[in-house]
DNA sequence: CAAACCGTATCACTCATATAATACACTTAG
DNA sequence: CTAAGTGTATTATATGAGTGATACGGTTTG
């Protein structure tokens, strides 16, 4: 069953989007098996200390993207085949990277500086 | 006088934060001179098609960070010395980069893959 | 079967964001 | 000097995000 222990909420944006992103990252990373069950809305809401409606909103969006399936009364489960997995991975990777590239270019950062900065911060993060 | 022509609003977050970031990026890039005047709240609001109060909120936050100065009746102006410029630059660069690194690591991306991806997307962006 | 759990839905409330319409005092330009 | 422009402030309204409480029907499990 999918695990939410590694999800820590912050103030970067709506909670339901953070939950949505967490599940997507799990799918993209391959740590979530196809057909794997998700913990119920109530369980997740209690674990994260948020309202069940907020979790429901994230789950509903996941279902609208075709990444999970829900049946009234039974637990929801993931339905992410290899194509969906690849699609989500590309979507998430490009999303952040393009935002960062846009910001860097606007600040006059060169490609070489950007690569060096990413390399430095990546290694710093490894040690932390 | 500071120019807002290159600021295009999107749905990524609050408008006042997008204005705040635009000015900060200008300061970090060095395209904004020390002592340079800012267009009035009313002018910017008309240009962007938003409410004057929204622009005022961004300007107020900039003043609280010590990046601009305002005097009743006269235009506000930038007061960003080299130290402030460096501080803002580091703040903005680290902000986006660390978010991307965190997301990538959670998806099982290696440092080499990350550097290659950034290099590829950067060049793609150059052509677009 | 029956209790517990689950997905789903609704209503009311708070808070932040953004808009709209003014108003007042000060500075600057004609 | 006068008028236009500016910073600042207030009040009201609308919307989305999030919470809280509750309810109903279907599924799972003991």
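Protein chains in written order, with my numbering: chain A, 1229 to 1356; chain B, 1229 to 1356.
Don't be surprised by glycine CBs; every beta carbon is placed ideally from N, CA and C.
Check: Stretch-stretch touch, CB-based, cutoff 8 angstroms, three pairs: the region 1291 to 1306 of chain A with the region 1300 to 1308 of chain B; Outcome: no
Check: Proximity below 7 angstroms, CB of residue 1343 of chain B to CB of residue 1343 of chain A; Outcome: yes
Check: Buried or exposed (CB count within 10 angstroms, at least 16 for buried), residue 1311 of chain B; Outcome: exposed
Check: At least three beta-carbon pairs within less than 8 angstroms, the region 1248 to 1267 of chain A to the region 1330 to 1338 of chain B; Outcome: yes
Check: Against chain A: residues of the region 1311 to 1342 of chain B by CB proximity under 8 angstroms; Outcome: 1317, 1320, 1321, 1322, 1324, 1325, 1326, 1327, 1328, 1329, 1330, 1331, 1332, 1333, 1334, 1335, 1336, 1337, 1339 and 1342
Check: The region 1310 to 1330 of chain A touching the region 1279 to 1286 of chain A, judged by at least three CB pairs closer than 8 angstroms; Outcome: no
Check: Beta-carbon separation (whole angstroms), residue 1290 of chain B vs residue 1251 of chain B, contact threshold 8 angstroms; Outcome: 6 angstroms
Check: Endpoints, the alpha helix (DSSP H) within which residue 1237 of chain A is located; Outcome: Element bounds for residue 1237 of chain A: n/a, residue is neither H nor E.
Check: Of the listed residues B:1265, B:1313, B:1239 and B:1229, nearest to residue 1298 of chain B (C-alpha basis); Outcome: B:1265
Check: First and last residue of the uninterrupted alpha helix (DSSP H) at residue 1245 of chain B; Outcome: 1243 to 1257
Check: Collapsed DSSP secondary structure at residue 1265 of chain A in the structure displayed; Outcome: strand
Check: Neighbour-count burial assignment, residue 1234 of chain A, 16 or more Cβ in a 10 Å radius; Outcome: exposed
Check: Residue burial classification, residue 1328 of chain A (beta-carbon count within 10 angstroms, cutoff 16); Outcome: buried
Check: Where residue 1306 of chain A sits in the DSSP three-state scheme; Outcome: strand
Check: Where residue 1230 of chain A falls, given that 16 or more other Cβ within 10 Å makes a residue buried; Outcome: buried
Check: Nearest-angstrom Cα separation, counted from residue 1271 of chain B out to residue 1295 of chain B; Outcome: 20 angstroms
Check: Residue 1283 of chain B, enclosing alpha helix (DSSP H) - first and last residue; Outcome: 1280 to 1292
Check: Spatial neighbours of residue 1340 of chain A in its chain, beta-carbon cut-off 6 angstroms, leaving aside the 5 residues before and after; Outcome: none
Check: Residues of its chain near residue 1245 of chain A, where Cβ-Cβ distance is below 6 angstroms and the 5 sequence neighbours each way are ignored; Outcome: none
Check: Simplified DSSP assignment, three categories, for residue 1260 of chain A; Outcome: coil
Check: Spatial neighbours of residue 1286 of chain A in its chain, beta-carbon cut-off 7 angstroms, leaving aside the 5 residues before and after; Outcome: 1244, 1247 and 1248
Check: Host alpha helix (DSSP H) of residue 1343 of chain A (start-end); Outcome: 1339 to 1355
Check: Within chain A, partners of residue 1347 of chain B - CB distance below 8 angstroms; Outcome: 1339 and 1343
Check: Selection from A:1267, A:1314 and A:1326 that minimises the alpha carbon distance to residue 1356 of chain B; Outcome: A:1326
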